[in-house]
Amino acid sequence: MEARTIAILGATGSIGTQALDIVRRYPGAFRAGCLTAHGSSDKLFDLCREFRPDVAALVNEPDEIPEDLRGIQWFFGPDSTVRALLASKCQDALCAIVGIAGLDAVWHALDVCERVLLANKEALVTGGELVTKKAVEKGVPLLPVDSEHSAIFQCLQARQGNPVKRLLLTCSGGALRAWTKEAMYRATVRDVLAHPTWNMGGKITVDCATMVNKGLEVIEARHLFDMPAEKIDVVIHPQSVIHSMVEFEDGAVLAQLGMPDMRGPIGYAMGYPNRLPYDATPLDFAALGHLDFAAPDPVRFPCLGMAVEALKRGGSAPVILNGANEAAVGAFLREQIPFGRIAEVIDAALQCVPVTPIASIADVYTADAAAREAAKAELGMRN
Ligand code: NAD
Ligand code: MG
57 MEARTIAILG
67 ATGSIGTQAL
77 DIVRRYPGAF
87 RAGCLTAHGS
97 SDKLFDLCRE
107 FRPDVAALVN
117 EPDEIPEDLR
127 GIQWFFGPDS
137 TVRALLASKC
147 QDALCAIVGI
157 AGLDAVWHAL
167 DVCERVLLAN
177 KEALVTGGEL
187 VTKKAVEKGV
197 PLLPVDSEHS
207 AIFQCLQARQ
217 GNPVKRLLLT
227 CSGGALRAWT
237 KEAMYRATVR
247 DVLAHPTWNM
257 GGKITVDCAT
267 MVNKGLEVIE
277 ARHLFDMPAE
287 KIDVVIHPQS
297 VIHSMVEFED
307 GAVLAQLGMP
317 DMRGPIGYAM
327 GYPNRLPYDA
337 TPLDFAALGH
347 LDFAAPDPVR
357 FPCLGMAVEA
367 LKRGGSAPVI
377 LNGANEAAVG
387 AFLREQIPFG
397 RIAEVIDAAL
407 QCVPVTPIAS
417 IADVYTADAA
427 AREAAKAELG
437 MRN
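In terms of our numbering, the sequence shown opens at residue 57 and continues consecutively.
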């Protein structure tokens, strides 16, 4: 059997490099035909040396391409990811760019790929209805890579046509799970990046600490599984062993469990419907002893509620939430604002930017720009 060709969009990131680890382990099953990144050119050059893609892209054009990599077809500039993807003719695309910056790639992958493996949750938060509609029209499966959604996707395979009562997303609680509200306000970048169970990119690690990540995931679940917000719940589960659950009408709850290792859900999407034999650390229930659960605290983690509210409001509200969050998280990571300001900036943007209908991708970008303007104004007002 010939190896499936896969484009890894966001190849230098946390998800991208773990996906390449799977390609490395199964050279007969996968070939990375296209690798893309934003800035880290040396890292991408190293990956290109190892995986020898046909096509590669860097948003920031480097001074020069090393001589041994000139046989690769290179693309540069803001739309380089999409141009590289189209040129590569890969069968699958793993969309692992962070933020709304990845929406265009998801959109175009649906035109040219047989399957889209989706890590870039912000593409669904901002363009959910348009993206899922296009996936259905094109007959292209959107395979979840986010661990919670992969878990739900796996549990739903036991559905056999039965209605689902509720989706239960588990949530580690992030780095500040046990902090007081006052201490959280002044948490530093270093405090926040020390995630207890998962090792991820900077933006999503901050999102976990504010719990906006779980809100983005509720919105992602709404679109991936066509479930209304009222039927999606969140439960805190600090060990991150249960990756998420599905409840059926008879009260039965199915869960998917495993050690927290993103190569599980990434590999599941890559190999789907086959499970790749992988030497994952086995779960040792006796050593674990217990699994804990709690309800999320709406006072210390207001961003979760804001995201669910935005989903219920509909239209551009989730785009506004996402755009303001991206702007605020950027400012926090540059150490321009305290951690507690992130929630305030999102709240301010949701209060002042009018919610409009979303009928096209252009509408998404218009709402995103308005949210970033509002966030900038709020950030400029008081840091
Ligand atoms: P990351 O920051 O580690 O990597 C992001 C990648 O995207 C890099 O290769 C970077 O070069 C590229 N990129 C960034 N901005 C870009 C732009 N404007 N144009 C083109 N390329 C750009 O991020 P990550 O943690 O790997 O997360 C990627 C996506 O997967 C996010 O949407 C995140 O929410 C989701 N996700 C990540 C994890 C995880 O464990 N890291 C888990 C679940 C979901
Ligand atoms: Mg997740």
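All C-beta atoms, glycine included, are put in the ideal place defined by N, C-alpha and C. As the structure is a prediction and not an experimental result, all values here were calculated from the model.
query: Using a threshold of 6 Å, is the CB atom of ALA152 nearer than that to any non-hydrogen atom of the ligand NAD?
result: The residue you call residue 152 lines up with position 96 of the sequence shown. Under cutoff, so the answer is yes.
task: State yes or no: is the beta carbon of ASP282 nearer than 7 Å to at least one beta carbon in chain B?
output: This model lacks chain B altogether, as it is built from one protein chain only.
message: Run the Cβ filter for me: residues under 7 Å from any heavy atom of the ligand MG, listed in the order they occur in the chain.
response: ASP202, SER203, GLU204, ASN269 and GLU273
message: Rounding to the nearest angstrom, what Cα-Cα distance links ASN439 and ASP110 in this structure?
response: By 1-based counting over the sequence shown, the position of residue 439 is 383. By 1-based counting over the sequence shown, the position of residue 110 is 54. For ASN439, the predicted model reports a pLDDT of 48, less than 50, meaning its position is unreliable and no value from the coordinates is stated.
message: To the nearest angstrom, how far is the alpha carbon of GLU79 from that of LYS190?
response: What you label residue 79 is simply residue 23 of the sequence shown in a count that begins at 1. What you label residue 190 is simply residue 134 of the sequence shown in a count that begins at 1. Here residue 79 is Val; the residue named in the question, Glu, does not match the sequence. If you take the alpha carbons of VAL79 and LYS190, they lie about 28 Å apart.
query: By Cβ distance below 8 Å, which residues in the same chain neighbour CYS211 in space, the five residues on each side in sequence not counted?
result: Position 155 of the sequence shown, counted from the first residue, corresponds to residue 211. Cβ neighbours of CYS211 beyond the five flanking positions: SER300, MET301, VAL302, LEU310, ALA311 and GLN312.
- request: Compute every distance between the C-beta of SER144 and the non-hydrogen atoms of the ligand HEM, then say whether any falls below 6 Å.
  value: Summarising the ligand content, the structure contains the ligand NAD and the ligand MG and does not contain the ligand HEM.
query: Run through DSSP, which three-state label would PHE86 get?
result: Sequence index remark: in the sequence shown, residue 86 carries index 30 (1-based). Here PHE86 sits in strand by DSSP.
- prompt: Around the Cβ of PRO284, are there at least 16 other Cβ atoms within 10 angstroms (buried) or fewer (exposed)?
  reply: In the sequence shown, residue 284 corresponds to position 228, counting from 1. That one is exposed.
- prompt: Any chance the stretch 65-83 sits against the stretch 315-327, with 3 or more Cβ pairs inside 8 Å?
  reply: yes
field: Cutoff 7 Å; reference SER6; Cβ partners in own chain excluding five residues on either side
entry: The chain is shown only over 57 to 439; residue 6 falls outside these bounds and no answer can be derived.
- request: Mind checking who GLU227 pairs with in its DSSP beta bridge?
  value: Along the sequence shown, one-based indexing puts residue 227 at 171. As written in the sequence, residue 227 is Cys, which differs from the Glu given in the question. According to DSSP, which records beta bridges pairwise, CYS227 is partnered with ILE292.
- prompt: What are the boundary residues of the alpha helix (DSSP H) that VAL297 is part of?
  reply: The residue given as residue 297 occupies position 241 in the sequence shown. VAL297 -> no alpha helix (DSSP H), and no H or E assigned at all.
- request: Give the straight-line distance between the Cα atoms of ASP419 and ALA179, rounded to the nearest whole angstrom.
  value: Reading the sequence shown from its first residue, position 363 is the one you call residue 419. Reading the sequence shown from its first residue, position 123 is the one you call residue 179. Near 14 Å, if we compare the C-alpha coordinates of ALA179 and ASP419.
- prompt: CA-CA distance, ASN330 and MET57?
  reply: In the sequence shown, residue 330 corresponds to position 274, counting from 1. In the sequence shown, residue 57 corresponds to position 1, counting from 1. Going by the C-alpha atoms only, they are around 14 Å apart.
message: Under 8 Å, with one C-beta from each stretch per pair, do the stretch 151-167 and the stretch 58-67 reach the 3-pair mark?
response: yes
task: Drop a sphere of 10 angstroms on the beta-carbon of ASN116, count the other beta-carbons inside from all chains shown, and report buried for 16 or more, exposed for fewer.
output: For the purposes of this step, residue 116 is identified with residue 60 of the sequence shown, where counting begins at 1. The residue is exposed, with fewer than 16 neighbouring Cβ atoms inside 10 Å.
- prompt: Where do the N-terminal and C-terminal ends of the alpha helix (DSSP H) with ALA113 fall, by residue?
  reply: For this step, residue 113 is matched to residue 57 along the sequence shown. First-last for ALA113: 111-114, but that is the beta strand (DSSP E), not the alpha helix (DSSP H).
query: So, using beta-carbon positions, are ALA113 and ALA140 closer together than 7 Å?
result: Within the sequence shown, residue 113 is the residue found at index 57, counting from 1. Within the sequence shown, residue 140 is the residue found at index 84, counting from 1. Yes, Cβ-Cβ distance for ALA113 and ALA140 is below 7 Å.
query: Per DSSP, CYS151 is paired with what?
result: The count along the sequence shown starts at 1 and reaches residue 151 at position 95. CYS151 is bridged to LEU65 and LEU174.
- prompt: Hey, out of GLY257, ARG246 and ALA231, whose CA is closest to ASN56's CA?
  reply: Summary: the structure shown does not reach residue 56, with the chain confined to residues 57 through 439, and so no result is reported for it.
query: Should SER126 be labelled buried (16 or more other beta-carbon atoms within 10 Å of its own) or exposed?
result: On the sequence shown, position 70 is the one that residue 126 refers to. Before going further, note that residue 126 is Arg rather than Ser in the sequence given. With fewer than 16 other Cβ atoms within 10 Å, it is exposed.
field: Extent of the continuous alpha helix (DSSP H) to which GLN210 belongs
entry: Stepping through the sequence shown from its first residue, residue 210 is reached at position 154. From DSSP, the alpha helix (DSSP H) with GLN210 extends over 203-211.
query: For ALA59 versus PHE86, is the C-beta distance shorter than 7 Å?
result: Position 3 of the sequence shown, counted from the first residue, corresponds to residue 59. Position 30 of the sequence shown, counted from the first residue, corresponds to residue 86. Taking 7 Å as the Cβ cut-off, ALA59 and PHE86 qualify as a contacting pair.
Exposed unless 16 or more other CB atoms sit within 10 angstroms - verdict on SER416: Here residue 416 corresponds to residue number 360 of the sequence shown, with the count starting at 1. It is exposed - the Cβ of SER416 has fewer than 16 other Cβ atoms within 10 Å.
field: Exposure label - VAL181; buried when at least 16 CB within 10 Å
entry: In the sequence shown, residue 181 corresponds to position 125, counting from 1. VAL181 comes out buried.
- prompt: Using a Cβ-Cβ cut-off of 7 Å (strictly less than) and excluding sequence neighbours within five positions of MET240, which residues of its own chain qualify?
  reply: Counting from 1 along the sequence shown, the entry for residue 240 is found at position 184. Excluding residues within five positions, the ones whose Cβ falls inside 7 Å are LEU232, ARG356, PHE395 and GLY396.
- request: Give the DSSP-derived three-state secondary structure of GLY323 in the structure shown.
  value: The residue given as residue 323 occupies position 267 in the sequence shown. The answer is helix: DSSP assigns GLY323 an H, G or I state.
- prompt: Which partner residues of GLU303 appear in the DSSP bridge assignment?
  reply: As a first step, residue 303 must be located in the sequence shown, where it is residue number 247. Paired residue(s): ARG222 and VAL309.
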